[in-house]
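Take a look at the structure set out below.
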Amino acid sequence: MVVIPTADTQLEPATRAGSSTTLIDYEKAARLDFARLGVQKVTVLHTRDRTVADSEKFAEPLRSANCVWIPGGDPQLLFGLYPNTRVQRELQGVLGRGGVIAGDSAGAEIIGQGLLAVDLGHPETMPTVQMGGLGLLRNAFVMAHVNRYRASVVEIGSETFVSGHPGAICVLIAEHTAIMIHQDHVSRLIGSGKAGVVDGRRHGTDSVVWLSGSDRFDLRTPASVH
151 MVVIPTADTQ
161 LEPATRAGSS
171 TTLIDYEKAA
181 RLDFARLGVQ
191 KVTVLHTRDR
201 TVADSEKFAE
211 PLRSANCVWI
221 PGGDPQLLFG
231 LYPNTRVQRE
241 LQGVLGRGGV
251 IAGDSAGAEI
261 IGQGLLAVDL
271 GHPETMPTVQ
281 MGGLGLLRNA
291 FVMAHVNRYR
301 ASVVEIGSET
311 FVSGHPGAIC
321 VLIAEHTAIM
331 IHQDHVSRLI
341 GSGKAGVVDG
351 RRHGTDSVVW
361 LSGSDRFDLR
371 TPASVH
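Written out as structure tokens, the structure is:
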């Protein structure tokens, strides 16, 4: 397993005031945590330098990884660093050989096409793509913590976006909730919250599809929940 905790603002060099965590201490804790889950080998990849992220030496652990975990934090720290680098190419390689890439919060959002900014006060205003993501989910934008905001504001903003970008998809995930995606299919919903897909290809139907635990959604074909 490879862990990429770069969104953690307290990981040295820290980007916010307060106590900081060294990479050595973080890696020790991560190895203990994942050892309890049966993971035998854990490598932590972290840098604040885009040149380093694009180096063969830094990305080397990803070439033998079969699982990658990207924890949450400040999304700017991820989106401003890893897209269009060797790390992105090696992550695509992990998926290509049947591995798993998982993320939480900002770590889930960067798996998608980009960082989508919804105007929470005026969600009917066209959202902007602030920064490009890793694109591991093609044409899909992942939005986490959707239940933190005023009811329906993220849904309205997402619908506004896909109305102007008909090929786009927004994946909405509430807290305490996870989804599994396999071969471009949402194959499982896990947790106590909800998750949905806003699909710009669903002409003449409600564009928001809320999923239940047994639903499958084909991200490649519109109107395909079963």
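In terms of the numbering used here, the sequence shown has 263 at position 113, counting the first letter as 1, and numbering is strictly consecutive.
All residues carry an ideal CB built from backbone N, CA and C; glycine is no exception.
As the structure is a computational prediction, the values presented were derived from the model and not from experiment.
First through last residue of the beta strand (DSSP E) which encompasses residue i
i           : result
residue 313 : Looking at the DSSP string, residue 313 is not in any beta strand (DSSP E); the run it does join, the alpha helix (DSSP H), is 303-314.
residue 265 : 264-267
residue 322 : 319-323
residue 331 : 327-332
residue 251 : 250-253
residue 349 : 345-349
residue 294 : 290-294
residue 280 : 278-282
residue 341 : 335-341
residue 218 : 217-220
Rounded distance between the beta-carbons of residue j and residue i, thought under 8 Å
i           : j           : result
residue 155 : residue 176 : 6 Å
residue 336 : residue 349 : With a Cβ gap of about 11 Å, residue 336 and residue 349 do not count as contacting.
residue 294 : residue 263 : That belief does not hold up - the Cβ atoms of residue 294 and residue 263 are roughly 15 Å apart, past 8 Å.
residue 235 : residue 203 : 5 Å
residue 196 : residue 161 : 6 Å
residue 153 : residue 180 : 5 Å
residue 297 : residue 324 : 4 Å
residue 346 : residue 322 : 5 Å
Residue i in three-state terms, based on DSSP
i           : result
residue 242 : helix
residue 202 : helix
residue 154 : coil
residue 354 : Low local confidence applies: a pLDDT of 47 at residue 354 is under 50, so the model's placement there is unreliable, and no value is given.
residue 237 : helix
residue 166 : coil
residue 370 : coil
residue 161 : strand
Residue range of the unbroken alpha helix (DSSP H) whose run includes residue i
i           : result
residue 227 : 225-229
residue 173 : 173-185
residue 257 : 256-259
Any non-hydrogen atom of the ligand PLP within 7 Å of residue i CB
i           : result
residue 305 : Judged by which ligands are present, the structure shown has none, so any question about the ligand PLP falls away.
Would you call the segment 219-234 and the segment 247-255 in contact, with 3 or more CB pairs under 8 Å?
-> Short answer: they touch.
Can you find at least 3 beta carbon pairs, one from the segment 273-292 and one from the segment 239-247, that sit closer than 8 Å?
-> The segment 273-292 vs the segment 239-247: in contact.
Given 8 Å, three or more beta-carbon pairs between the segment 301-319 and the segment 223-234 | The segment 301-319, when compared against the segment 223-234, does not touch it at the 8 Å Cβ threshold.
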